[in-house]
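Offset between the sequence shown (1-based) and my numbering: plus 341.
Just so you know, even glycine gets a beta-carbon here, dropped at the ideal spot from N, CA and C.
Since the structure is predicted, the reported quantities are computational estimates derived from the model, not experimental observations.
Single-structure report; data block below.
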Amino acid sequence: PSFTGATTAYLKDYKFKNGTIEVDMTFLGHDSYNGLMVRMDDRKNFEYFYFRPQSSGKSGAVQYAPAYNDLSAWQLFSGPGFNAGNEIPKSKWIHVKIVVKDSQAELYFDDMKVPALRVHELKNCCDAGTIGLVGHNGGAFYSGFKVTPSEDMKPLDIKVAQPANGIMVKEWMVSQVSSQDNVKKSM
């Protein structure tokens, strides 16, 4: 989604590189894309962790995608290491914790011992930036926001996830530029 028109709140004049971000969230359940913006370079480029309650229990209910120039690049980054199919309860508070270390991140719900999502390579990495909350189409409430920076934490050691066969485009060609009339004729 585009972030133009989204409701956002962010820490002014704050720089975060490594550490833990925690927040309590509750979702109303309709189509929405609510989450956290991390290492915001500016209001248009950042790491984006978000939740889709309308997809609860399905792949993509929990998603990581970099944002470039005010657009989420979720179409380019999906599958293992980018999304997960966790249950997202409606009208119940959950605790969300994101641990960030250099180019990797882990996302936990409530008291999970194993992360719901392990991001092996943050794509906007690794500069420090501010942190924010974002709401697309409403549908979430936030409470208990807490940031614990830490440059001394050990590496997360997340292995590169391998996509399942058949879901990755491995080869492509770029065609010559065609006029709109030629495209219509070929259809």
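Collapsed DSSP secondary structure at residue i in the structure displayed
| i | result |
| --- | --- |
| Pro-581 | Since the displayed the chain opens at 342 and closes at 528, residue 581 lies outside it and no answer follows. |
| Pro-430 | coil |
| Pro-394 | helix |
| Asn-523 | helix |
| Val-379 | strand |
| Asp-365 | strand |
| Phe-418 | coil |
| Val-475 | strand |
| Pro-496 | coil |
Residues that residue i bridges to, as DSSP identifies them
| i | result |
| --- | --- |
| Glu-447 | Val-440 and Arg-459 |
Chain D within 9 angstroms of residue i, Cβ atoms only
| i | result |
| --- | --- |
| Phe-482 | Judged by its chain identifiers, the structure shown contains no chain D, having just a single protein chain. |
Sub-9 angstroms separation of residue i and residue j beta-carbons
| i | j | result |
| --- | --- | --- |
| Ala-469 | Lys-353 | no |
| Ile-439 | Thr-348 | no |
| Gly-426 | Ala-402 | yes |
Close-in-space but distant-in-sequence residues of the same chain around residue i (CB under 6 angstroms, 5 per side omitted)
| i | result |
| --- | --- |
| Asp-365 | Trp-434, His-436, Ser-484 and Gly-485 |
| Cβ contact (3+ pairs, closer than 8 angstroms) linking the region 370–385 and the region 454–462 | Flag = no, the region 370–385 and the region 454–462 do not touch.
| At least three beta-carbon pairs within less than 8 angstroms, the region 382–389 to the region 409–423 | Yes, they touch.
| Any 3 or more C-beta pairs closer than 8 angstroms across the region 414–433 and the region 481–493 | For the pair of segments examined, the region 414–433 was found not to touch the region 481–493: the number of CB pairs separated by less than 8 angstroms stays below three.
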